[in-house]
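A quick write-up on the structure given underneath.
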Amino acid sequence: MLFNSIEFAIFLPIVFLLYWFVFAKNLGMQNLLILSASYIFYGWWDWRFLFLIIFSSLTDYIVGLRLQKVEECGKRRLLLALSISVNVGLLGFFKYYNFFVNSFVEAFTLFGFPFQIASLDIVLPVGISFYTFQTLSYSIDIYKNKIRATKNIVEFFAFVAFFPQLVAGPIERAANLLPQFSKKRKFEYDMAVDGLRQILWGLFKKVVIADNCAIYVNDIFANYQIYSGMTLILGGIFFAFQIYGDFSGYSDIAIGTSRLFGFDLMRNFAFPYFSRDVAEFWRRWHISLTTWFRDYVYIPLGGSKCETPKKIRNTLIIFILSGFWHGANWTFIAWGALNALYFLPLLVLNKNRNHMGDVAKGGIVPGMKELLQMAFTFFLTVVAWVFFRAENIWIALDYLWHAFINFYSVPSHALMLLQKPILVFILLMLLVEWVQRDKKHALEQSSCKIPKVVRWTAYYVLTALIISYGGTKQEFIYFQF
1 MLFNSIEFAI FLPIVFLLYW FVFAKNLGMQ NLLILSASYI FYGWWDWRFL
51 FLIIFSSLTD YIVGLRLQKV EECGKRRLLL ALSISVNVGL LGFFKYYNFF
101 VNSFVEAFTL FGFPFQIASL DIVLPVGISF YTFQTLSYSI DIYKNKIRAT
151 KNIVEFFAFV AFFPQLVAGP IERAANLLPQ FSKKRKFEYD MAVDGLRQIL
201 WGLFKKVVIA DNCAIYVNDI FANYQIYSGM TLILGGIFFA FQIYGDFSGY
251 SDIAIGTSRL FGFDLMRNFA FPYFSRDVAE FWRRWHISLT TWFRDYVYIP
301 LGGSKCETPK KIRNTLIIFI LSGFWHGANW TFIAWGALNA LYFLPLLVLN
351 KNRNHMGDVA KGGIVPGMKE LLQMAFTFFL TVVAWVFFRA ENIWIALDYL
401 WHAFINFYSV PSHALMLLQK PILVFILLML LVEWVQRDKK HALEQSSCKI
451 PKVVRWTAYY VLTALIISYG GTKQEFIYFQ F
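For the sequence shown, position 431 matches number 431 in the numbering used here, and the numbering has no gaps at all.
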């Protein structure tokens with residue numbers, strides 16, 4: 001079920017009314033409703049996918065209970081290995097089986113040993129990368145004695161399948177989300193209204209920004225060989241805003257929807273295109289995934305508290321793993337490796353934590369130095385996004401070659417793109433987010449109340465733009481991951 005669909009527009013109010021007006025006094029029934037609604041929401045794509053998420057949930061529920069009781073180190077390691085094997089095994093089979101088979105065959109063919117291994121027609125379950133990491137972290141945290149296992153199976157299953165963030169995150173930790181299912185929830189008007197504001201902004205970014213950018217991105221990347229360098233550069237920039245509007249838009253809708261039901265999810269984006277270096281960008285982009293790899297891969301490997309060669313190794317591992325997590329294609333690995341190369345000079349020179357606060361903090365506009373830093377960081381990000389979007393590495397390299405070899409030519413097609421309304425919408429988005437860059441989301445109310453007439457005018461304008469300029473309805477990009 002898509003957030004930007006008629007089905008969800010009907011589904012959400014029904015669940016909301018049942019949750020607060022029918023089951024408000026019964027926490028157990030509220031949790032059961034959330035679980036049922038989540039399975040309906042997820043099964044809307046393909047009911048067969050439900051068996052996978054139920055199996056994964058049941059495995060980690062049982063493993064968690066056993067880990068809580070067992071004290072012998074060997075048995076605890078075996079239980080953790082079982083959880084990792086089941087979760088990574090399912091993810092590996094459905095997402096990476098054909099990739100490994102095809103890469104294996106191509107490698108042997110390259111060295112003169114051609115042979116065939118049959119690939120399978122596998123349908124990738126929606127959101128499997130997200131809920132697999134979420135339930136896996138639960139077992140790891142119990143193993144490390146960071147949390148205690150829950151005995152309430154409904155609460156645990158609802159935690160894994162919580163419909164607002166099930167399909168594309170944020171990837172929640174049990175320590176944050178699971179206890180919220182155990183506590184009595186009271187409807188808070190201010191919290192719900194703030195959630196509606198965040199949903200509105202998320203829909204604007206998805207429907208107006210991302211879906212309209214997609215129209216030009218799809219055409220430019222499909223026909224890049226016939227377009228000028230300036231058009232290709234605009235195509236890369238449009239994709240940068242497409243994927244940001246699409247993914248951060250989903251996160252805003254997910255977090256806002258959760259707040260309607262009294263839940264607080266972790267922040268997943270913190271205005272990343274205002275970053276002054278790549279290290280800051282990765283602290284602000286897909287925060288739930290980067291912190292997951294930090295806590296469960298980077299730190300166990302030694303993190304940055306080791307000699308420089310090992311720090312470089314650890315950094316390369318998490319960036320390449322992050323790329324591979326996104327999809328079974330060498331382009332994602334190249335994207336991750338390229339970002340690692342961007343990041344490594346900052347790490348080696350101990351400059352990776354230079355920019356921990358908001359840009360132009362306490363001011364209205366950035367200084368020239370910060371402006372140039374943001375522009376350069378955005379440029380590096382756009383180059384990396386070309387690999388993320390291209391069908392294969394050779395197309396990405398060819399795209400970049402065509403883009404920069406004819407950079408100075410500005411033909412009619414590029415001028416036409418510069419006159420499109422989408423540029424106005426992008427600038428509007430950037431302006432609002434710049435003004436609100438110290439907030440959790442772009443429409444969050446500050447301590448200094450904005451006049452009611454201004455607020456409601458903004459809401460009506462955004463709603464009108466969503467209705468009038470909504471592009472062709474498309475699935476969220478991260479559904480494929």
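Glycine included, C-beta positions come from ideal geometry on N, C-alpha and C.
Keep in mind the model is a prediction, meaning the values are calculated, not measured.
1. Would you mind giving the Cβ-Cβ distance between Gln165 and Leu265, rounded to the nearest angstrom? I have them listed as a contact below 8 Å.
2. In chain order, what residues of the same chain have a beta carbon less than 7 Å from the beta carbon of Leu35, not counting five sequence neighbours either side?
3. My assumption, with CB atoms under 8 Å, is that Val88 sits in contact with Ala240. Please give the rounded CB distance.
4. Could you work out which residue in Ala174, Met416, Ser38 and Ser248 is closest to Asp60 when comparing CA atoms only?
5. Going along the chain, which residues of its own chain have a beta-carbon closer than 7 Å to the beta-carbon of Thr377, five neighbours each way excluded?
6. Can you give, in chain order, each stretch of the alpha helix (DSSP H) that sits fully within the stretch 117-160 and has at least 4 residues?
7. Residues in its own chain within less than 7 Å of Asn406 by CB, not counting five upstream and five downstream?
8. Three Cβ pairs or more, each shorter than 8 Å: is that satisfied between the stretch 216-227 and the stretch 245-254?
9. For Met429, which of helix, strand or coil comes out of DSSP?
10. With a cut-off of 8 Å, do at least 3 Cβ pairs link the stretch 59-79 to the stretch 135-146?
11. Using a Cβ-Cβ cut-off of 8 Å (strictly less than) and excluding sequence neighbours within five positions of Lys95, which residues of its own chain qualify?
12. In terms of alpha-carbon separation, which member of Ser258, Leu27, Gly363 and Leu32 lies closest to Lys183?
13. Report the residue ranges of all alpha helix (DSSP H) runs contained in full by the stretch 246-325; include only those spanning at least 4 residues, in chain order.
14. Apart from the five residues just before and just after Thr135, which ones in its own chain have a Cβ nearer than 7 Å to its Cβ?
15. Compare the C-alpha of Glu172 against each of Thr290, Lys361, Trp330 and Val208 and name the closest.
16. To the nearest angstrom, report how far apart Asp306 and Val297 are at their CA atoms.
17. Return the residue from the list Phe49, Tyr460, Asn176 and Ala270 that minimises the CA-CA distance to Leu430.
18. Using the C-alpha atoms, what's the distance from Gly323 back to Phe388?
19. Measure the CB-CB distance between Gly202 and Ser258 and report whether it falls below 9 Å.
20. Is it true that the CB of Ser38 sits closer than 9 Å to the CB of Arg163?
21. Could you work out which residue in Trp325, Lys75 and Arg313 is closest to Phe343 when comparing CA atoms only?
22. In terms of alpha-carbon separation, which member of Asn339, Leu380 and Tyr244 lies closest to Ile233?
23. Would you list, in sequence order, the uninterrupted alpha helix (DSSP H) runs of no fewer than 4 residues that lie entirely inside the stretch 168-202?
24. So for Leu564, helix, strand or coil by DSSP?
25. Report yes if the C-beta distance between Ala384 and Glu370 is below 9 Å; otherwise report no.
26. For the ligand SAH, is there any heavy atom lying closer than 8 Å to the beta carbon of Ala360?
27. Whose C-alpha, out of Ala458, Arg353 and Phe23, is nearest the C-alpha of Phe187?
28. Whose CA, out of Phe404, Met29 and Met356, lies closest to the CA of Asn152?
29. Using 10 angstroms around the beta-carbon of Arg48, count the other beta-carbons present and answer buried if the total reaches 16, otherwise exposed.
30. Work out the CA separation of Phe16 and Ala9 for me, nearest whole Å.
31. Taking the beta carbon of Asp190 as the centre, do at least 16 other beta carbons fall within 10 Å, making it buried, or is it exposed?
32. Alpha carbons only, please: which of Leu372, Pro272 and Gly303 is nearest the one belonging to Met356?
33. Where does Ile14 land, buried or exposed, given buried means 16+ other C-beta within 10 angstroms?
34. Using the Cβ count rule (16 or more neighbours within 10 Å means buried), how would you classify Trp394?
35. Is the beta carbon of Leu200 sitting closer than 9 Å to the one on Gly256?
36. So, at 8 Å on beta carbons, what are the nonlocal neighbours of Ile486 in its own chain, with the 5 sequence-adjacent residues on each side left out?
According to the data block:
1. Along the sequence shown, read from residue 1 onward, the residue named residue 165 stands at position 165. Along the sequence shown, read from residue 1 onward, the residue named residue 265 stands at position 265. Confirmed, Cβ separation roughly 6 Å.
2. Numbered from its first residue, the sequence shown carries residue 35 at position 35. Contacts found: Val154, Phe157, Ala158 and Ala161.
3. By one-based count along the sequence shown, residue 88 stands at place 88. By one-based count along the sequence shown, residue 240 stands at place 240. That pair is no contact at about 31 Å.
4. Position 60 of the sequence shown, counted from the first residue, corresponds to residue 60. Nearest option by C-alpha distance: Ala174.
5. Walking along the sequence shown from the start, residue 377 turns up at place 377. Once the five neighbours on either side are set aside, the close Cβ partners of Thr377 are Ser275, Arg276, Asp277, Val278 and Phe281.
6. Correct list: 128-143.
7. The residue labelled residue 406 in the question sits at position 406 within the sequence shown. Around Asn406: Ser228 and Gly229.
8. no
9. Taking the first residue of the sequence shown as 1, we reach residue 429 at position 429. DSSP places Met429 in helix when its eight states are reduced to three.
10. Touching, yes.
11. Here the question's residue 95 lines up with position 95 in the sequence shown. Counting only Cβ-Cβ distances below 8 Å, and skipping sequence neighbours, we find Leu124, Ile128, Ser129, Gly327 and Ala328.
12. Counted from its first residue, the sequence shown places residue 183 at position 183. Among Ser258, Leu27, Gly363 and Leu32, the Cα nearest to that of Lys183 belongs to Leu27.
13. 278-284 and 287-293
14. Looking up residue 135 in the sequence shown gives position 135. These residues qualify, in order along the chain: Ser56, Ser57, Asp60, Asn87 and Val160.
15. In the sequence shown, counting from the first residue as 1, residue 172 sits at position 172. Closest by alpha carbon: Thr290.
16. On the sequence shown, residue 306 is found 306 positions in, with the first residue counted as 1. On the sequence shown, residue 297 is found 297 positions in, with the first residue counted as 1. Residue identity check: residue 306 is Cys in the sequence provided, not Asp. Each residue's alpha carbon lies about 15 Å from the other.
17. Mapped onto the sequence shown, residue 430 falls at position 430. Here the closest residue by C-alpha is Ala270.
18. For this step, residue 388 is matched to residue 388 along the sequence shown. For this step, residue 323 is matched to residue 323 along the sequence shown. One C-alpha to the other measures close to 9 Å.
19. Working through the sequence shown from its first residue, we reach residue 202 at position 202. Working through the sequence shown from its first residue, we reach residue 258 at position 258. No, the Cβ-Cβ distance between Gly202 and Ser258 is not below 9 Å.
20. What you label residue 163 is simply residue 163 of the sequence shown in a count that begins at 1. What you label residue 38 is simply residue 38 of the sequence shown in a count that begins at 1. A small correction: the amino acid at residue 163 is Phe; Arg does not occupy that position in the sequence shown. Yes, Cβ-Cβ distance for Phe163 and Ser38 is below 9 Å.
21. Here residue 343 refers to the residue found at position 343 of the sequence shown. When each option's Cα is compared against that of Phe343, the closest is Arg313.
22. Numbered from 1 along the sequence shown, position 233 holds the residue referred to as residue 233. Comparing Cα positions, the closest option is Leu380.
23. 174-177
24. With the chain represented from 1 up to 481, any question about residue 564 goes unanswered, as that position is not in the structure.
25. As a working note, residue 384 is residue 384 in the sequence shown. As a working note, residue 370 is residue 370 in the sequence shown. For Ala384 and Glu370, no; Cβs fall outside 9 Å.
26. Inclusion of the ligand SAH in the displayed structure is not the case, the ligand content being empty and no account of it being possible.
27. For the purposes of this step, residue 187 is taken as residue 187 along the sequence shown, with counting starting at 1. Considering only alpha carbons, the answer is Phe23.
28. Translated into the one-based positions of the sequence shown, residue 152 becomes position 152. Asn152 has its Cα closest to that of Met29, out of Phe404, Met29 and Met356.
29. Counting from 1 along the sequence shown, the entry for residue 48 is found at position 48. Per the 10 Å Cβ criterion, exposed.
30. Start at 1 with the first residue of the sequence shown, and residue 9 comes out as number 9. Start at 1 with the first residue of the sequence shown, and residue 16 comes out as number 16. One C-alpha to the other measures close to 11 Å.
31. Taking the first residue of the sequence shown as position 1, residue 190 is located at position 190. Asp190 should be labelled exposed.
32. In the sequence shown, counting from the first residue as 1, residue 356 sits at position 356. Taking only the C-alpha atoms, the option nearest Met356 is Pro272.
33. Against the sequence shown, residue 14 aligns to sequence position 14. Exposed, since its Cβ has fewer than 16 Cβ neighbours within 10 Å.
34. Working through the sequence shown from its first residue, we reach residue 394 at position 394. Flag for Trp394 reads exposed.
35. Position 200 of the sequence shown, counted from the start, is the residue given in the question as residue 200. Position 256 of the sequence shown, counted from the start, is the residue given in the question as residue 256. Yes, these two residues count as a Cβ contact at 9 Å.
36. Beyond the ends of the chain as shown, which are 1 and 481, falls residue 486; an answer cannot be given.
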